[in-house]
Amino acid sequence: MTAGTTLRTVHDVAGLAAVADHLSDVWRTPRTAPPYPAEVLHSLVHAGGAVHALYAGQRLAGAAVAVLGADRSTYSLVAAAERGLGPVLKQAQRDWARALGARTMRWTFDPLVARNARFNLVKLGAVGTEYLVDFYGPMSDGVNDGDESDRLTVTWDLTAAGAPDEAEPHGPVLRRAPDHGPLVRRAGRHLWCRVPDDVVALRAADPALALRWRHAVRDVFTEAFLEGFRATGMSRDGWYTLTRTEATA
41 MTAGTTLRTV HDVAGLAAVA DHLSDVWRTP RTAPPYPAEV LHSLVHAGGA
91 VHALYAGQRL AGAAVAVLGA DRSTYSLVAA AERGLGPVLK QAQRDWARAL
141 GARTMRWTFD PLVARNARFN LVKLGAVGTE YLVDFYGPMS DGVNDGDESD
191 RLTVTWDLTA AGAPDEAEPH GPVLRRAPDH GPLVRRAGRH LWCRVPDDVV
241 ALRAADPALA LRWRHAVRDV FTEAFLEGFR ATGMSRDGWY TLTRTEATA
């Protein structure tokens, strides 16, 4: 736990309303139309889910929502925290899930957001196991508006340390990106795919270019996943590592 921060599970109506407001601020929606309304959060908690809230002093600095699934699995519906506090929230979700006997946790994220990919795949050691095309359909929040809602499902083994399977991009350039730089390299059982530096800023500045990136990366991932590749790492300069398992190599 970072000095000056506290973490608790939230059950009360006022606390859940504060979490709903926090999520509205993160996703840039009016507080009258949060991505997870307080009444929905209350229903999830009542059904056995968990809402974790992270405070820096008295200020809400992060929140996460998870529910219990079947076959010793759990699902993280949403998680958002200020810089440097994400690991605290995910560890809290992991501890909660493990206490219930869960062995895995799954969630989705936008595969074009490189910083989230690095957090999920490298810091946590989760693996990208499924590519979902336009998963939510059109979205009208202030972060995703104007784009298609492709998502990458990651699976986190709660029982293992999970070191990422990474290698430096090498091999021939197979495709070019919308910015005319390299998009795909491949060598052996590894394939690398580059994403933009900051897709959220790019969406705001040039939505058409952001959409071209979306389609280019989508094509790479959908083809690679059909071949048995999985997303196993993300470099600091925006290159995914996709690894083909020995069983399908």
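For the sequence shown, our numbering begins at 41 and goes up steadily by one. Every residue, glycine too, gets a C-beta built ideally from N, C-alpha and C. If you're wondering where the values come from, they're calculated on a predicted model, not measured in any experiment.
So, residue 164 versus residue 193, is the Cβ gap smaller than 9 Å?
Here residue 164 refers to the residue found at position 124 of the sequence shown. Here residue 193 refers to the residue found at position 153 of the sequence shown. Going by C-beta atoms, residue 164 is not nearer than 9 Å to residue 193.
* Asked: Looking at C-alpha atoms only, which residue of 220, 260, 58 and 250 is the closest neighbour of residue 230?
  -> The count along the sequence shown starts at 1 and reaches residue 230 at position 190. Among 220, 260, 58 and 250, the Cα nearest to that of residue 230 belongs to 260.
Review point. Who does residue 281 pair with in a DSSP beta bridge?
Key: Taking the first residue of the sequence shown as 1, we reach residue 281 at position 241. 232 and 273, per the DSSP bridge assignment.
Query raised in the report: Buried or exposed: which applies to residue 98, given that a residue is buried once 16 or more other Cβ atoms fall within 10 Å of its Cβ?
Result: In the sequence shown, the residue the question calls residue 98 occupies position 58. Residue 98 comes out exposed.
Reference residue 199, options 140, 100, 270 and 64, closest by Cα: Residue mapping note: residue 199 aligns to position 159 of the sequence shown, counting from 1. Considering only alpha carbons, the answer is 140.
- Could you tell me which of 188, 110, 155 and 58 sits nearest to residue 247, measuring between CA atoms? If you number the sequence shown from 1, residue 247 lands on position 207. The shortest Cα separation from residue 247 among 188, 110, 155 and 58 belongs to 188.
Along the chain, where does the alpha helix (DSSP H) containing residue 188 start, and where does it finish?
Working through the sequence shown from its first residue, we reach residue 188 at position 148. Taken as a continuous stretch (DSSP letters only), residue 188 belongs to no alpha helix (DSSP H), as it is neither H nor E.
Practice prompt. Would you mind reading off the limits of the beta strand (DSSP E) that contains residue 170?
Written response: Taking the sequence shown and counting its residues from 1, the one referred to as residue 170 is at position 130. Note, residue 170: beta strand (DSSP E), 167–172.
Segments of 3+ residues assigned as beta strand (DSSP E) that fall wholly inside the stretch 93–142:
99–108 and 113–121
task: Determine the contact status of residue 90 and residue 131, defining contact as a CB-CB distance below 9 Å.
output: Residue mapping note: residue 90 aligns to position 50 of the sequence shown, counting from 1. Residue mapping note: residue 131 aligns to position 91 of the sequence shown, counting from 1. No, Cβ-Cβ distance for residue 90 and residue 131 is not below 9 Å.
(message) Need the endpoints of the beta strand (DSSP E) that residue 224 sits in, please.
(response) Counted from its first residue, the sequence shown places residue 224 at position 184. Note, residue 224: beta strand (DSSP E), 222–227.
Which first and last residues belong to the alpha helix (DSSP H) in which residue 261 is found?
Counting from 1 along the sequence shown, the entry for residue 261 is found at position 221. Here the alpha helix (DSSP H) through residue 261 covers 247–266.
Checklist line | Distance between residue 178 and residue 185 (C-alpha atoms, nearest Å) | finding: By one-based count along the sequence shown, residue 185 stands at place 145. By one-based count along the sequence shown, residue 178 stands at place 138. Cα-Cα distance, rounded: 7 Å.
(request) Determine the burial state of residue 281: buried for a count of at least 16 other Cβ atoms within 10 Å of its Cβ, exposed for fewer. (result) As a first step, residue 281 must be located in the sequence shown, where it is residue number 241. Residue 281 should be labelled buried.
query: Bridge partners of residue 69, per DSSP?
result: Sequence index remark: in the sequence shown, residue 69 carries index 29 (1-based). BP columns for residue 69 are empty, so no partner.
In three-state DSSP terms, what is residue 207? Taking the first residue of the sequence shown as 1, we reach residue 207 at position 167. Residue state, collapsed to three classes: coil.
Considering Cα atoms alone, identify which of 60, 238 and 264 is closest to residue 153. Indexing the sequence shown from 1 puts residue 153 at position 113. Closest option to residue 153, Cα to Cα, is 238.
For residue 175, which residues in the same chain have their Cβ closer than 6 Å to its Cβ, ignoring the five residues on either side in sequence? Counted from its first residue, the sequence shown places residue 175 at position 135. Answer for residue 175: 189 and 191, listed in chain order.
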